[in-house]
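Chains as they are written, first to last, in UniProt numbering: chain A, 1 to 119; chain B, 1 to 119. Report on the following structure.
2 protein chains.
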Amino acid sequence: MEKVNLQDKLALFSQHWTPKIVGEYNDSYVLLAKFKGELFWHKHEDEDEFFMVIKGKLLLKLRDRDIWLQEGELFVIPKGVEHMPVAEEEVHMLVLDLKSAKHTGNVVNERTLTSYERI
Amino acid sequence: MEKVNLQDKLALFSQHWTPKIVGEYNDSYVLLAKFKGELFWHKHEDEDEFFMVIKGKLLLKLRDRDIWLQEGELFVIPKGVEHMPVAEEEVHMLVLDLKSAKHTGNVVNERTLTSYERI
Numbered sequence: 001m002e003k004v005n006l007q008d009k010l011a012l013f014s015q016h017w018t019p020k021i022v023g024e025y026n027d028s029y030v031l032l033a034k035f036k037g038e039l040f041w042h043k044h045e046d047e048d049e050f051f052m053v054i055k056g057k058l059l060l061k062l063r064d065r066d067i068w069l070q071e072g073e074l075f076v077i078p079k080g081v082e083h084m085p086v087a088e089e090e091v092h093m094l095v096l097d098l099k100s101a102k103h104t105g106n107v108v109n110e111r112t113l114t115s116y117e118r119i
Numbered sequence: 001m002e003k004v005n006l007q008d009k010l011a012l013f014s015q016h017w018t019p020k021i022v023g024e025y026n027d028s029y030v031l032l033a034k035f036k037g038e039l040f041w042h043k044h045e046d047e048d049e050f051f052m053v054i055k056g057k058l059l060l061k062l063r064d065r066d067i068w069l070q071e072g073e074l075f076v077i078p079k080g081v082e083h084m085p086v087a088e089e090e091v092h093m094l095v096l097d098l099k100s101a102k103h104t105g106n107v108v109n110e111r112t113l114t115s116y117e118r119i
């Protein structure tokens, strides 16, 4: 593996809500993503999800509270917890997901990806 | 779990080479650490290790090459690969390790920790 410079990798794509694989850590993918707008409520029944904001500000809605994440802040969404990410302005994210986790968990629709591009 | 602000957590300790637990992600600990000086050569036979520089510059020596990691750069040390971190000046690190991983892997000496403090 080569080292990953986050800014160099983030410059390689512009699509929103399409995580890109930049590395692997044990049974997880190391992903970079750009969010803008709303995703939708979903959960990953058996997998925690690691979110860290690289740039911008993310509203992570949970059913019982809102979490605002800014640059230099991270949060692990526990397995089974419904969540909806909302980005009023574009947000750049470092995400770790188990390889077994499906993109949008228990909800599958036209925005669901079945695999991630490697950059 | 609460969100983690990296700077707030890094302000809570000053010891070098003593990773602190700030969260859990599946079977991993999410750790913050401050490095200064040299650790020593070691490897984790069965566990990849995730290193990301939050502040400063880390020389990560592998047996076949040197990797310089700066702020905003990450590297996953593959399982079984010998490495030695060297920090000429203090470096602040985000580290992910499987809970099964021992602090200094195959090498145990007076600098080896058997558990990590939670902050």
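For glycine and all other residues, C-beta sits at the position ideal for the given N, C-alpha and C. Please read these numbers as outputs of a predicted model, since none were measured by experiment.
Asked: Nearest-angstrom Cβ-Cβ length linking residue 74 of chain A and residue 35 of chain A, presumed shorter than 8 Å; Found: Actually they do not touch by this definition, with Cβ atoms about 15 Å apart.
Asked: Contacts that residue 88 of chain B makes with chain A (C-beta to C-beta distance below 9 Å); Found: In chain order: nothing, as chain A lies at least about 18 Å away.
Asked: The region 94-111 of chain A / the region 83-90 of chain B touching (three or more Cβ pairs under 8 Å); Found: no
Asked: Beta-carbon gap between residue 54 of chain A and residue 92 of chain A smaller than 8 Å; Found: yes
Asked: Members of the UniProt domain "Cupin type-2" (41-97) of chain A that neighbour chain B once the beta carbon cut-off is set at 7 Å; Found: 47, 48, 50, 67, 69, 72, 73, 74, 75, 76, 78 and 96
Asked: As assigned by DSSP and simplified to three states, the class of residue 61 of chain A; Found: strand
Asked: Any chain A beta carbon closer than 8 Å to residue 4 of chain B; Found: yes
Asked: CB contact flag (residue 31 of chain B, residue 113 of chain B, <8 Å); Found: no
Asked: Simplified DSSP state of residue 31 of chain B, which is helix, strand or coil; Found: strand
Asked: Proximity to residue 6 of chain A [Cα-Cα], best of B:26, B:3, B:25 and B:71; Found: B:71
Asked: Closer than 8 Å at the beta carbon, the chain B residues around residue 105 of chain A; Found: Result: empty, since nearest Cβ-Cβ is about 15 Å, beyond 8 Å.
Asked: Endpoints, the beta strand (DSSP E) within which residue 98 of chain A is located; Found: 83-98
Asked: Simplified DSSP assignment, three categories, for residue 74 of chain A; Found: strand
Asked: Residues within the region 23-41 of chain A neighbouring chain B, beta-carbon criterion of under 9 Å; Found: 23, 24, 25, 26, 27, 28 and 30
Asked: Test item: CB-CB of residue 47 of chain B and residue 3 of chain B under 8 Å; Found: no
Asked: Through-space distance from residue 33 of chain B to residue 18 of chain B, alpha-carbon basis; Found: 6 Å
Asked: 8 Å Cβ cutoff, residue 7 of chain B in contact with chain A; Found: yes
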